[in-house]
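> Chains as they are written, first to last, in my numbering: chain C, 2 to 365; chain D, 2 to 365.
Encoded as structure tokens, here's the structure I'll be asking about.
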DNA sequence: TACTTGAATCTAAGCGCTTAGATTTGTTCA
DNA sequence: TGAACAAATCTAAGCGCTTAGATTCAAGTA
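Okay, structure coming up:
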């Protein structure tokens with residue numbers, strides 16, 4: 002059973018040889034102490050330590066058919082509302098003189114990810130992360146082949162590849178639209194009641210009547226859809242005028258628009274409200290407004306959705322609807338862990354509650 | 002070449018059989034398109050798609066001896082200054098009514114981790130995360146066997162296991178003390194100049210003279226050591242009285258201490274300054290002070306170190322020294338990626354600059 | 001003494017993939 | 001027509017590990 006004991010990492014064969022036992026005994030020494038005589042085990046372990054043995058996770062996984070790792074697949078939303086690219090200054094010329102931009106981190110996905118991490122950690126699972134720029138069937142398939150289960154964030158993916166993966170591995174979809182074919186586990190939030198309580202607040206507490214919905218095409222996730230529909234329904238239920246379409250934020254920018262926003266407001270009449278599809282967009286708009294002298298909430302009222310950290314740092318702070326992001330991430334990991342690597346038998350879902358967080362931007 | 006084509010995930014053998022080719026051709030179809038006739042390739046790929054094939058990363062890694070994944074190993078610092086445990090509410094009973102605690106997230110490690118993630122992503126490497134509660138030689142070794150290189154955050158680990166891993170895999174140590182044996186790549190910050198400019202600010206701008214260093218035993222990282230020494234050196238250079246030992250935060254708490262802090266200040270005399278080893282500690286202390294009526298910066302001046310986000314949200318905001326956390330994480334990943342899985346030949350290091358960030362807590 | 005028994009250890013197959021080298025097939029040219 | 005060569009495909013070994021089943025051996029039993 003001669004093996005090349007080349008310069009690479011030492012293997013069980015190297016240990017076996019040096020300890021004068023078979024590889025079976027080596028393996029037993031690590032994993033079934035009772036099946037080997039104490040002094041033999043001792044000897045094996047010592048040899049292993051002294052030659053610097055590191056077990057190969059790949060070989061192990063190959064045998065067991067399990068990796069003991071859960072995956073989280075996300076999409077670089079780099080070309081965001083803000084249009085920034087995340088070119089990486091790998092060198093040390095980091096921008097230290099400015100406060101890090103909270104509109105880049107931590108975002109929604111980061112907080113969900115944190116929950117996922119915590120849960121993996123407490124289940125002793127490794128966490129494998131991959132985030133890609135564009136959809137890439139191969140990449141996703143390869144990724145799926147690395148883990149016992151995975152959660153996928155919103156982003157452009159062909160349904161087909163998702164189905165393909167779900168056929169072999171349990172997949173959790175985070176705030177993603179329903180798929181047709183294979184079973185998935187959907188994790189979502191109660192957008193409807195969130196939006197209702199937001200509108201209720203704007204109307205009943207602040208007496209607003211002119212309310213628009215703002216969302217850009219880039220953000221057309223499921224949430225976008227649901228939120229806009231609930232938005233319309235809420236206004237309709239109150240007999241207020243219901244926008245047929247969401248506003249694209251670009252129409253808000255430009256000198257005429259800014260001037261208009263500042264002027265529009267007549268004494269005694271409440272300002273217009275812009276209900277944004279999420280915090281990121283709201284904060285971006287807030288930024289532009291501030292730059293151009295449009296005052297929030299005096300000239301116009303602005304609200305977000307999600308409850309990202311940045312909304313607590315902005316001036317004014319951002320009224321929003323908070324999602325239990327960490328809990329959602331935890332739940333995703335927990336459900337995957339429970340599946341033990343077997344694809345779901347049937348689709349299932351969990352809907353998390355949300356909570357209105359009134360802050361300054363709505364006039365509170 | 003009969004293989005059991007059981008109910009498990011389909012393999013190259015299944016594809017080969019269905020497409021009536023050998024496994025070699027299957028493999029070539031995926032990875033060496035030029036070595037197979039276009040129509041054959043087409044056929045193979047179609048079969049693969051239709052039977053729901055997912056390549057096994059384990060098998061691949063086993064063959065290649067590389068995983069194309071980089072690891073980040075961290076320690077649950079859960080039993081922190083704050084003494085909270087991170088018991089996981091996996092269920093939906095998340096606490097939605099309160100703002101998430103920024104003293105739990107994002108912290109120093111999270112921001113470094115983000116940089117690491119970004120760099121992995123842009124190099125097409127998967128990122129494997131593991132965070133453990135206590136040192137556990139086996140766990141760390143297993144983890145190391147999963148990746149082509151890894152970075153390790155500060156935390157209690159036996160040096161020996163670190164050495165063992167470093168012998169076979171490139172290891173980056175983040176703000177960790179120098180080791181003796183094997184080569185490592187150290188990533189650190191210029192604690193010295195950071196501390197100097199902080200002291201300079203307190204003394205030269207605010208005219209302070211009574212300056213103490215606060216740090217708890219839990220935080221005894223390398224940074225602790227360096228920062229305290231620079232702290233002493235700075236004071237000494239200015240002829241101010243130099244504390245021989247750091248204060249443990251516990252001595253600051255208790256009614257007598259609070260009362261004392263409020264009383265001490267005589268008109269015209271500047272308040273005492275508490276230079277904390279890091280932001281987390283400073284913010285925790287700030288919290289306690291606020292609860293007990295000790296005013297910052299009026300009664301006492303407080304500074305941190307690191308530049309975590311929470312310091313921008315506290316009242317008052319926290320004067321600190323900012324580290325380029327994201328850049329450090331990026332650099333770690335970048336260096337590991339460059340090593341192509343080969344352990345370092347010799348130790349090396351990179352020291353990142355820091356930047357004083359004066360905010361309200363120092364009286365600015 | 002011959003025989004059973006169980007503990008300790010070993011042999012060898014196999015996990016799913018890649019790839020060097022062998023084989024087959026098709027084409028070109030003397 | 002057959003040799004020479006290239007293209008397409010195949011055979012089979014091997015990556016490092018685990019584990020069922022075989023083997024060895026010492027102790028216990030009749």
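Glycine included, every Cβ here is placed at the ideal spot set by N, Cα and C.
So which residues on chain D does residue 144 of chain C lean against when the C-beta distance must stay under 9 Å?
Your numbering for residue 144 of chain C matches position 143 in the first chain. 58 and 127, listed in chain order.
> Output yes if chain C places a C-beta closer than 8 Å to the C-beta of residue 210 of chain D; else output no.
If you number the second chain from 1, residue 210 of chain D lands on position 209. So, not an interface residue.
> Pull up the distance between the alpha-carbon of residue 157 of chain D and that of residue 136 of chain D, whole angstroms please.
Stepping through the second chain from its first residue, residue 157 of chain D is reached at position 156. Stepping through the second chain from its first residue, residue 136 of chain D is reached at position 135. About 6 Å.
> Based on DSSP bridge pairs, tell me the residues matched to residue 323 of chain D.
Residue mapping note: residue 323 of chain D aligns to position 322 of the second chain, counting from 1. Its beta-bridge partners are D/307 and D/356.
> Under the rule that 16 or more other beta-carbon atoms within 10 Å means buried, what is residue 34 of chain C, buried or exposed?
In the first chain, residue 34 of chain C corresponds to position 33, counting from 1. Exposed.
> Mind pulling the alpha helix (DSSP H) runs of 4 or more residues that sit fully within the region 37-69 of chain D?
Segments of the alpha helix (DSSP H) lying fully in the region 37-69 of chain D: 39-52 and 58-65.
> Give me the chain D residues within the contact set of residue 107 of chain C, using Cβ-Cβ distance strictly less than 7 Å, ordered along the chain.
Counting from one through the first chain, the residue named residue 107 of chain C turns up at place 106. By Cβ distance, chain D contributes 107.
> Out of D/113, D/155 and D/68, which one is the CA nearest neighbour of residue 353 of chain D?
For the purposes of this step, residue 353 of chain D is taken as residue 352 along the second chain, with counting starting at 1. Comparing Cα-Cα distances from residue 353 of chain D to each of D/113, D/155 and D/68, the minimum goes to D/113.
> Thinking residue 345 of chain D and residue 184 of chain D are a contact (beta carbons under 8 Å), I'd like their distance in whole angstroms, please.
By one-based count along the second chain, residue 345 of chain D stands at place 344. By one-based count along the second chain, residue 184 of chain D stands at place 183. Contact flag correct, Cβ pair sits at about 4 Å.
> Looking at the secondary structure, which residues open and close the beta strand (DSSP E) in which residue 131 of chain C lies?
Translated into positions along the first chain, residue 131 of chain C becomes position 130. Taken as a continuous stretch (DSSP letters only), the beta strand (DSSP E) holding residue 131 of chain C covers 127-133.
> Among C/296, C/131, C/126 and C/47, which residue has its Cα nearest to the Cα of residue 125 of chain D?
Here residue 125 of chain D refers to the residue found at position 124 when the second chain is read from its first residue. It is C/131 whose Cα lies nearest to the Cα of residue 125 of chain D.
> Kindly confirm or deny that the region 54-64 of chain C and the region 53-65 of chain D touch, where touching means at least three C-beta pairs closer than 8 Å.
A contact exists between the region 54-64 of chain C and the region 53-65 of chain D.
> Could you give the DSSP three-state label for residue 84 of chain D: helix, strand or coil?
In the second chain, residue 84 of chain D corresponds to position 83, counting from 1. Residue confidence for residue 84 of chain D is low, a pLDDT of 38 falling below 50, so the modelled location carries little weight and cannot support an answer.
> Against chain C, does residue 325 of chain D count as a neighbour if the rule is that its beta carbon must be under 8 Å from one of theirs?
Against the second chain, residue 325 of chain D aligns to sequence position 324. It does: the Cβ of residue 325 of chain D has a partner Cβ on chain C nearer than 8 Å.
> Of all Cβ atoms in chain D, is any one closer than 8 Å to the Cβ of residue 86 of chain C?
Working through the first chain from its first residue, we reach residue 86 of chain C at position 85. Because residue 86 of chain C carries a pLDDT of 40, less than 50, the predicted location of this residue cannot be relied on, and no value is offered for it.
> Please return the same chain residues whose Cβ sits closer than 7 Å to the Cβ of residue 24 of chain C, not counting the five positions on each side in sequence.
The sequence position of residue 24 of chain C within the first chain is 23, counting from 1. 13, 14 and 17, listed in sequence order.
> Indicate whether at least one CB of chain C lies closer than 8 Å to the CB of residue 66 of chain D.
Position 65 of the second chain, counting from 1, holds the residue named residue 66 of chain D. Chain C, which has a Cβ nearer than 8 Å to the Cβ of residue 66 of chain D, makes this yes.
> I want to check one thing, is the minimum distance from the CB of residue 288 of chain D to the heavy atoms of the ligand ZN below 7 Å?
With respect to small molecules bound, the structure shown includes none, and the ligand ZN cannot be examined in it.
> Could you name the residues of chain D that residue 44 of chain C contacts, counting a contact when the two beta carbons are closer than 9 Å?
Numbered from 1 along the first chain, position 43 holds the residue referred to as residue 44 of chain C. Under the 9 Å cutoff, chain D gives no residues; its nearest Cβ is about 18 Å from residue 44 of chain C.
> Please report the straight-line C-alpha distance between residue 199 of chain D and residue 321 of chain D, rounded to a whole angstrom.
As a working note, residue 199 of chain D is residue 198 in the second chain. As a working note, residue 321 of chain D is residue 320 in the second chain. If you take the alpha carbons of residue 199 of chain D and residue 321 of chain D, they lie about 8 Å apart.
> Quick test of your reading: residue 318 of chain C and residue 276 of chain C, contact by CB under 8 Å. State the CB separation rounded to the nearest angstrom.
Counted from its first residue, the first chain places residue 318 of chain C at position 317. Counted from its first residue, the first chain places residue 276 of chain C at position 275. Not a contact, Cβ separation roughly 16 Å.
> On the three-state DSSP scale, how would you describe residue 294 of chain C?
As a working mapping, residue 294 of chain C is identified with position 293 in the first chain. Looking at residue 294 of chain C - three-state DSSP - the assignment turns out to be coil, as it is neither helix nor strand.
> Using the Cβ count rule (16 or more neighbours within 10 Å means buried), how would you classify residue 364 of chain C?
Taking the first residue of the first chain as 1, we reach residue 364 of chain C at position 363. Per the 10 Å Cβ criterion, buried.
> Reducing DSSP to helix, strand and coil, say where residue 328 of chain D ends up.
As a position in the second chain, residue 328 of chain D is number 327, starting the count at 1. Residue state, collapsed to three classes: helix.
> Determine the direct distance from the alpha carbon of residue 145 of chain D to that of residue 204 of chain C, and round the result to whole angstroms.
Within the first chain, residue 204 of chain C is the residue found at index 203, counting from 1. Within the second chain, residue 145 of chain D is the residue found at index 144, counting from 1. If I take the Cα positions, the gap works out to 57 Å.
> Does any residue of chain C have a CB that is nearer than 8 Å to the CB of residue 55 of chain D?
For the purposes of this step, residue 55 of chain D is taken as residue 54 along the second chain, with counting starting at 1. Closer than 8 Å to some Cβ of chain C, the Cβ of residue 55 of chain D qualifies, so yes.
> Rounded to the nearest angstrom, what separates residue 249 of chain D and residue 290 of chain D at their Cα positions?
Here residue 249 of chain D corresponds to residue number 248 of the second chain, with the count starting at 1. Here residue 290 of chain D corresponds to residue number 289 of the second chain, with the count starting at 1. In a straight line, the C-alpha of residue 249 of chain D is about 15 Å away from that of residue 290 of chain D.
> Could you say which of D/311, D/196 and D/187 lies nearest to residue 155 of chain D if we only look at CA atoms?
Counted from its first residue, the second chain places residue 155 of chain D at position 154. It is D/187 whose Cα lies nearest to the Cα of residue 155 of chain D.
> Pick helix, strand or coil for residue 136 of chain D, following the three-state DSSP scheme.
Within the second chain, residue 136 of chain D is the residue found at index 135, counting from 1. Coil.
> Would residue 116 of chain D and residue 313 of chain D be called neighbours here (beta carbons separated by less than 8 Å)?
Position 115 of the second chain, counting from 1, holds the residue named residue 116 of chain D. Position 312 of the second chain, counting from 1, holds the residue named residue 313 of chain D. The answer is no: Cβ separation not under 8 Å.
> Is there a Cβ of chain C sitting closer than 8 Å to that of residue 131 of chain D, yes or no?
On the second chain, residue 131 of chain D is found 130 positions in, with the first residue counted as 1. Yes - at least one Cβ of chain C is within 8 Å of the one on residue 131 of chain D.
> For residue 32 of chain C, does the count of other Cβ atoms within 10 angstroms reach 16, so buried, or fall short, so exposed?
Here residue 32 of chain C refers to the residue found at position 31 of the first chain. By the neighbour-count rule (16 or more Cβ atoms within 10 Å), residue 32 of chain C is not buried but exposed.
> Taking Cβ-Cβ distances shorter than 8 Å, what residues in chain C pair up with residue 9 of chain D?
Within the second chain, the letter at position 8 stands for residue 9 of chain D. Residues of chain C passing the Cβ test: 66.
> Within 8 Å of any Cβ in chain C, is that where the Cβ of residue 231 of chain D sits?
Numbered from 1 along the second chain, position 230 holds the residue referred to as residue 231 of chain D. For residue 231 of chain D, the answer is no, since every Cβ of chain C falls outside 8 Å of its Cβ.
> Classify residue 190 of chain D as helix, strand or coil using the three-state DSSP reduction.
Against the second chain, residue 190 of chain D aligns to sequence position 189. Residue 190 of chain D: strand per DSSP, three-state reduction.
> Would you mind telling me which residues of chain C sit closer than 8 Å to residue 36 of chain D, beta carbon to beta carbon, in chain order?
Here residue 36 of chain D refers to the residue found at position 35 when the second chain is read from its first residue. Per Cβ cutoff of 8 Å: no residues; residue 36 of chain D is ~18 Å from chain C at best.
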